[in-house]
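The structure appears right after this line, and notes come after that.
Residue numbers (this note's numbering): 10 to 651.
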C-alpha cells in the first residue's frame, strides 16, 4: 500500500485522489507544511504530494528521518504547475517504469578522462560542453551529474544548463532577473532535457520556497517537466565523483528509487561530507524495467571483523551481511572500517549501508571497470587502531626536542615527516570511500624511509657522547618534582629489589610527562613515560668473568599494531677515552615488531688486550624507541684485569 501526505488546503495535494484509479488501497494524511506530524500513522512507503512553494527543508528532513527510522521509503510528487502534477499522477504506471535509452555521467570537476567499462558515456570537464550535451538532450537519458551550479543554472565547460521556466513570459522573468537577458553564455534549457531519471549532485537546490520568485527559475524543477525521477540536493553540498557512479550502478541494477535515496543519503553521511543532502522527486517504487544482473553474496557476521575473499568486481558487487544489534549499532555510529592489505591500483569504491530493522548491512563494492581478484577485504566495527599510528609517531617525534635531541638534522627530518603526511591528506580522505591504496602504500614506504633516517640520526647522536641520565636535560623543558608517594612505595629496582627514588617531569603545554627512577643501592637509572606498569628494556646478566660480561636485552610489543623500533646500546665510563680499551658487541638496530612479538639481543662487554691495569665501574645504557617513544634502562657492573 502507498500512503500519501498532503498539506491542508493545498489544491495540489487534493489531486492525489487520482491515484485511486491505480492503487487498490491508499491512505491520505493531511499535515501542516510547518511540521511533519501525525507520524505514527504512516506505516508504509509514502509520497508527499504538494505545491512546490510549500515544501521546506525542515519538513523534508523530518520526513526523511521518520522514513529512515522505520525502514520505509518516500518521494515527493510536485511540479511547477498543477496540470503537470496531475499528468504525473494520471500516468502512475508509466512514472514508475524507467526505460532509459542511454546512460550519461557528467563529472564537471574532473579534469582527466576516466577509463571505464560502463554502459554509459562519461563526460569529464573537457567533454562537458554545450554541443555534447545538446547532442543527447532529446534522448531518454539516465543522467548522473556531479556539477557546479546554483538554482538558476548548472555550469558546463563552455556554457550553462539554464533553469529558466519558459512557460512564463520571458519579459516577466527578465524583470526580476535582468542579468539573464544579457547572458553571454551558450545555453541548454533544463526543460528541454528528455531524461527518464536524473541525479543532480550540485549546490543547485530544487526547493523554490527558499528563494524569491523560485518558480521563475530553478534548474531541478524544470528538469522535472520531463523526468520521472530526480534525486537532487536541496541545499549547498560538496560533490564526489563516486556518488555519481554509485547512483548509476544502483539505478542500472534495478534498485527502486526510494532505496536509492536512502543509500545515497546514508553514503553521504558515512563516506562523504554532508548530512542527508538529497531528496527524491518521484515515486519511491520507480525502477528500470530491464536491470543489469547484480552479483550478491550473503554472509553472516558473528564477530567484530570479517574477512571477505572477492574473486572479481564486475562493475558492482553487493555483500549482504547479517549482523547482530551490537554490530549494527557500531555501524550506525560510523564506528567501522573497510580496507584491503592487497595493493589495489584501480578505483574500488565501497559503501556501508545499515538496515537495522532487517539486522542487515549492505556493503556495496563498485568501480569504473571490472576489477579482477583475488581481493582480500576486511570489514570490521569499532576503531581501527592502526590508522592512528602515523599520528602517534609524529607526535612522539615532536617530543624528541624536549628530550635533548635538538640537532638540526633530526628536526629537519621530523619536519619532512610532517610534510609527507600532510601532502597525503586528500589520499587519506579518499580512503574513506575507496579501497584503491597504491598511493597509501607509497606513502607508507616514504614515511618508513624517513623514520629510518631519523632513527639513524638518533643513534648517531646517542653514540657520539657519554650516556647521561635524561633527568639532567629535563630541567630546561619541563617542571621536575618528586613523584607521588604511592610510586615510591610500589616501584622497585628489577635487579636488587630496592625501592626506586622517582622524579616526575612534566610539560603541560605539549603535553608530556615522564618518570625517572634511580636505585641508590645498585646505581641504575630508568626513564619512561609509563609507570603503570613501568615499561623499559629488560636487561639480564647471563654470563660474567672479571674482564667480560654478557647480557640479554629484551623488548616487546603490547600494541595492536606493528611498531617501528630502535634499540641503541652505549657504555658509560668515567672518562670517555676509556672506551678505547673496551669492546661493545652492539651499537644499534632498527626493526619492526608485530603485535605480541618480542626481540632479544645478546650484548657482550669486555676489556680489550691492554698493558693498562683496569679495575673500574661501567654502566650499560639501553635506549629503546618504540614508535619514537623513548624508554631507558641501565645495568651497572665492574670490569677488571688485575
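Heads up, the beta-carbon is just placed ideally off N, CA and C, and yes, glycines get one too.
Exercise for the section: Check the DSSP bridge columns for residue 488 and list the partner residues they point to. Expected result: Translated into the one-based positions of the chain shown, residue 488 becomes position 479. In DSSP, residue 488 forms a bridge with 515.
Practice task
Please classify residue 325: does DSSP put it in a helix, a strand, or coil?
Solution key: Your numbering for residue 325 matches position 316 in the chain shown. Three-state DSSP puts residue 325 in a strand.
Practice task
Would you kindly work out how many angstroms separate the C-alpha atoms of residue 482 and residue 527, rounded to a whole number?
Solution key: Numbered from 1 along the chain shown, position 473 holds the residue referred to as residue 482. Numbered from 1 along the chain shown, position 518 holds the residue referred to as residue 527. Rounded to whole angstroms, residue 482 to residue 527 spans 16 Å at the Cα level.
Practice task
Kindly identify the DSSP beta-bridge partner or partners of residue 543.
Solution key: On the chain shown, position 534 is the one that residue 543 refers to. DSSP lists 540 as partners of residue 543.
Problem - Per-residue burial, residue 445 [other beta carbons within 10 Å of its own, 16 or more giving buried] - result: Position 436 of the chain shown, counted from the first residue, corresponds to residue 445. By the 10 Å Cβ count, residue 445 comes out buried.
Practice task
Throw me the rounded Cβ distance for the residue 382 and residue 321 pair, which I believe falls under 8 Å.
Solution key: Locating residue 382 in the chain shown gives position 373, where the first residue counts as 1. Locating residue 321 in the chain shown gives position 312, where the first residue counts as 1. About 5 Å; that satisfies the 8 Å criterion.
Exercise for the section: Evaluate contact between the segment 85-96 and the segment 58-70, counting only Cβ atoms and requiring at least three cross-stretch pairs below 8 Å. Expected result: yes
Problem - Neighbourhood of residue 238 by C-beta distance below 6 Å, restricted to the same chain and skipping five residues each side - result: Start at 1 with the first residue of the chain shown, and residue 238 comes out as number 229. Result list for residue 238: 206, 266, 291 and 295, in chain order.
Exercise for the section: Report back the beta-carbon spacing between residue 197 and residue 146 to the nearest angstrom; my notes put them in contact at under 8 Å. Expected result: Mapped onto the chain shown, residue 197 falls at position 188. Mapped onto the chain shown, residue 146 falls at position 137. Yes, residue 197 and residue 146 are in contact; Cβ-Cβ is about 6 Å, under 8 Å.
Problem - Pick from 165, 355 and 326 that is closest to residue 374, judged by C-alpha positions - result: On the chain shown, position 365 is the one that residue 374 refers to. It is 326.
Practice task
Take every Cβ of the segment 110-121, pair it with every Cβ of the segment 43-55, and state whether three or more of those distances are shorter than 8 Å.
Solution key: In short, these stretches do not touch, since the Cβ pair count stays below three.
Practice task
Kindly give me the distance between the Cβ atoms of residue 64 and residue 216, rounded to whole angstroms, as I take these residues to be in contact under 8 Å.
Solution key: What you label residue 64 is simply residue 55 of the chain shown in a count that begins at 1. What you label residue 216 is simply residue 207 of the chain shown in a count that begins at 1. With a beta-carbon spacing of about 6 Å, residue 64 and residue 216 fall inside the 8 Å limit used to define contacts.
Exercise for the section: Report the three-state DSSP secondary structure of residue 275 (helix, strand or coil). Expected result: Residue 275 sits at position 266 when you count from the first residue of the chain shown. Of the three classes helix, strand and coil, the one that applies to residue 275 here is helix, per DSSP.
Practice task
Sort 268, 537 and 286 by Cα distance to residue 515 and report the nearest one.
Solution key: Here residue 515 refers to the residue found at position 506 of the chain shown. Ranking the options by Cα distance to residue 515, first place goes to 537.
Practice task
Using a threshold of 7 Å, state whether the C-beta atoms of residue 268 and residue 210 are closer than that.
Solution key: Walking along the chain shown from the start, residue 268 turns up at place 259. Walking along the chain shown from the start, residue 210 turns up at place 201. No, they are not a contact pair.
Handout entry: Classification of residue 156 by the beta-carbon crowding that lies within 10 angstroms, buried from 16 upward
Key = Along the chain shown, one-based indexing puts residue 156 at 147. So residue 156 counts as buried.
Handout entry: Under 7 Å between C-beta atoms of residue 349 and residue 256
Key = Working through the chain shown from its first residue, we reach residue 349 at position 340. Working through the chain shown from its first residue, we reach residue 256 at position 247. No, these two residues do not count as a Cβ contact at 7 Å.
Exercise for the section: Please classify residue 81: does DSSP put it in a helix, a strand, or coil? Expected result: Taking the first residue of the chain shown as 1, we reach residue 81 at position 72. Three-state result, residue 81: coil.
Practice task
Label residue 22 either buried or exposed according to how many other C-beta atoms from any shown protein chain fall within 10 Å of its C-beta, with 16 as the threshold for buried.
Solution key: As a working mapping, residue 22 is identified with position 13 in the chain shown. The residue in question, residue 22, is buried, as its Cβ has 16 or more Cβ neighbours within 10 Å.
Exercise for the section: Give the DSSP-derived three-state secondary structure of residue 408 in the structure shown. Expected result: One-based indexing of the chain shown puts residue 408 at position 399. Looking at residue 408 - three-state DSSP - the assignment turns out to be helix.
Problem - Per DSSP, cross-strand counterpart(s) of residue 528 - result: In the chain shown, counting from the first residue as 1, residue 528 sits at position 519. Paired residue(s): none; residue 528 is not in a bridge.
Exercise for the section: Taking residue 40 as part of the beta strand (DSSP E), name the residues at either end of that continuous run. Expected result: Looking up residue 40 in the chain shown gives position 31. Note, residue 40: beta strand (DSSP E), 35-40.
Exercise for the section: Would you tell me roughly how many angstroms separate the C-alpha atoms of residue 338 and residue 285, rounded to the nearest one? Expected result: Numbered from 1 along the chain shown, position 329 holds the residue referred to as residue 338. Numbered from 1 along the chain shown, position 276 holds the residue referred to as residue 285. Straight-line spacing of the CA atoms in residue 338 and residue 285 works out to 19 Å.
Problem - Bounding residues of the beta strand (DSSP E) (the contiguous stretch that carries residue 241) - result: Counting from one through the chain shown, the residue named residue 241 turns up at place 232. Per DSSP, the continuous beta strand (DSSP E) segment holding residue 241 begins and ends at 238-242.
Practice task
Would you give the residue range spanned by the alpha helix (DSSP H) that residue 101 belongs to?
Solution key: Position 92 of the chain shown, counted from the start, is the residue given in the question as residue 101. That run of the alpha helix (DSSP H) goes 101-104.
Handout entry: Nearest residue (CA-CA) to residue 201, options 578, 148, 248 and 581
Key = Start at 1 with the first residue of the chain shown, and residue 201 comes out as number 192. Of the candidates 578, 148, 248 and 581, the one whose C-alpha sits nearest the C-alpha of residue 201 is 148.
Practice task
List the endpoints of the continuous beta strand (DSSP E) containing residue 382.
Solution key: Along the chain shown, one-based indexing puts residue 382 at 373. It spans 380-390 - the beta strand (DSSP E) in which residue 382 sits, taken as one unbroken run.
Practice task
State the start and end residues of the unbroken alpha helix (DSSP H) segment that holds residue 431.
Solution key: Walking along the chain shown from the start, residue 431 turns up at place 422. In the DSSP assignment, residue 431 falls within the alpha helix (DSSP H) that extends over 417-432.
Exercise for the section: Enumerate in chain order the residues of its own chain whose CB-to-CB distance from residue 91 is below 7 Å, with the five nearest sequence positions on each side excluded. Expected result: Position 82 of the chain shown holds residue 91. 20, 21 and 24, listed in sequence order.
Exercise for the section: Please say whether residue 560 and residue 550 have beta carbons closer to each other than 7 Å? Expected result: Within the chain shown, residue 550 is the residue found at index 541, counting from 1. Within the chain shown, residue 560 is the residue found at index 551, counting from 1. Cβ distance < 7 Å, so residue 550 and residue 560 count as in contact.
Handout entry: First and last residue of the uninterrupted alpha helix (DSSP H) at residue 458
Key = Here residue 458 refers to the residue found at position 449 of the chain shown. Counting along the chain, the alpha helix (DSSP H) containing residue 458 begins and ends at 447-472.
Exercise for the section: Let me know if residue 178 comes out buried or exposed under the rule of 16 or more other beta-carbons within 10 Å of its beta-carbon. Expected result: Here the question's residue 178 lines up with position 169 in the chain shown. Exposed, because fewer than 16 other Cβ atoms sit within 10 Å of the Cβ of residue 178.
Exercise for the section: Indicate the three-state DSSP secondary structure (helix, strand or coil) for residue 364 in the structure shown. Expected result: Within the chain shown, numbered from 1, the residue matching residue 364 stands at position 355. Strand.
Problem - residue 162 - DSSP class collapsed to helix/strand/coil - result: Indexing the chain shown from 1 puts residue 162 at position 153. Strand, per DSSP.
Exercise for the section: Please list, in chain order, all residues of the same chain as residue 597 whose beta carbon is under 6 Å from its beta carbon, the five residues on each side excluded. Expected result: Along the chain shown, read from residue 1 onward, the residue named residue 597 stands at position 588. The answer, listed in chain order, is 468 and 577.
Problem - Alpha-carbon to alpha-carbon, residue 230 and residue 369 - result: Reading the chain shown from its first residue, position 360 is the one you call residue 369. Reading the chain shown from its first residue, position 221 is the one you call residue 230. Near 35 Å, if we compare the C-alpha coordinates of residue 230 and residue 369.
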